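Quick notes on the structure that follows.
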Amino acid sequence: METTQQAEQQRSARQRRRQLLEAADRVVLRDGPHASMNAIAAEAGITKPILYRHFGDKGGLYRALAKRHTDALLDALRTALDAPAERRQRVEATLDTYLAAIEARPQVYRFLMHPAEDTQLPEQGFDVGRHSAPLLRRLGEELAKVIEDRVDLGPGSEQLARVWGHGIVGMMHGAGDWWLGERPCSREQLVRSLADLLWGRLAEVSDRAGGPGF
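Its first residue numbered 1, the sequence shown is counted upward by one per residue in our numbering.
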């Protein structure tokens, strides 16, 4: 009986947490980096102390939202990499998937990468780099695993795959951040230009024997 009750409590807690994250998403879509714990609590129909009970502070809520959106982005990137197409087309599709994601939900992107700094509101004044850097590192490590599984990089392949993974993520983030702010060209033009930059070594290496291909 206790086990059944515990399982039900855990399911209820997971459901409640998911509902709170969905409420937070709605506020972030509206307010972007200026989304506050007060606004999120109001959207969820609860008090701020209850929100703190679930996430601890704004940093805890940020990490939960970052995981939610990073998981979805990684799934989309893997789908692009697994598409039945030539390697160059899949490289472009992967770059486009990332850029399309930040273009479709720019307020979410800005909340994750450019949280508002406001000394009048302590809950918003947390270190941007301390929170956004782990998100980028996770993307880099995940891409490194994909590269190592699919491409024959020869001796030292694990280290080189990590260099490539983090380098590609850094390039996508830096170029995407600039492009989203200034819109100096179309998304298609940016994708082609970034693919040209990457294509030198990617065009030369072979797929790893027995791997899914890249």
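We put the beta carbon where it would ideally sit given N, CA and C, even for glycine. Here the structure is a predicted model, which is why all the values come from computation and not from measurement.
Three-state class that DSSP yields for residue i in the structure shown
{"i": "S132", "result": "helix"}
{"i": "D25", "result": "helix"}
{"i": "P115", "result": "coil"}
{"i": "R215", "result": "No statement about residue 215 is possible, as the shown extent of the chain runs from 1 to 214 and does not include it."}
{"i": "R201", "result": "helix"}
{"i": "P33", "result": "helix"}
{"i": "G167", "result": "helix"}
{"i": "R183", "result": "coil"}
{"i": "G176", "result": "helix"}
Span of the alpha helix (DSSP H), counted from its first residue to its last, around residue i
{"i": "F214", "result": "Here F214 belongs to no alpha helix (DSSP H), and DSSP marks it neither H nor E."}
{"i": "V205", "result": "Neither: V205 is in no alpha helix (DSSP H) and is coded neither H nor E."}
{"i": "L216", "result": "Nothing in the structure corresponds to residue 216, since the chain is present only between 1 and 214."}
{"i": "H54", "result": "48-55"}
{"i": "H69", "result": "58-81"}
{"i": "R88", "result": "87-104"}
Cβ-Cβ separation, residue j to residue i (assumed contact under 8 angstroms), whole Å
{"i": "I40", "j": "A24", "result": "5 angstroms"}
{"i": "L202", "j": "R87", "result": "7 angstroms"}
{"i": "G213", "j": "D207", "result": "5 angstroms"}
{"i": "R26", "j": "E43", "result": "6 angstroms"}
{"i": "R90", "j": "L81", "result": "6 angstroms"}
Proximity winner among the options, relative to residue i (alpha-carbon distances)
{"i": "K58", "options": "Q159, V91, H34", "result": "H34"}
{"i": "V28", "options": "G174, R14, A100, M113", "result": "M113"}
{"i": "A72", "options": "R183, G181, E182, E142", "result": "E142"}
{"i": "E148", "options": "R137, A161, D207, V108", "result": "A161"}
{"i": "S193", "options": "L81, A83, E92", "result": "E92"}
{"i": "G154", "options": "C185, A209, D96", "result": "A209"}
{"i": "G174", "options": "K67, I102, E158", "result": "I102"}
{"i": "T79", "options": "Q15, T94, H69, G165", "result": "T94"}
{"i": "I168", "options": "L21, G156, V191", "result": "V191"}
Test: residue i CB closer than 8 angstroms to a CB of chain B
{"i": "L21", "result": "The structure shown contains no chain B; it holds only a single protein chain."}
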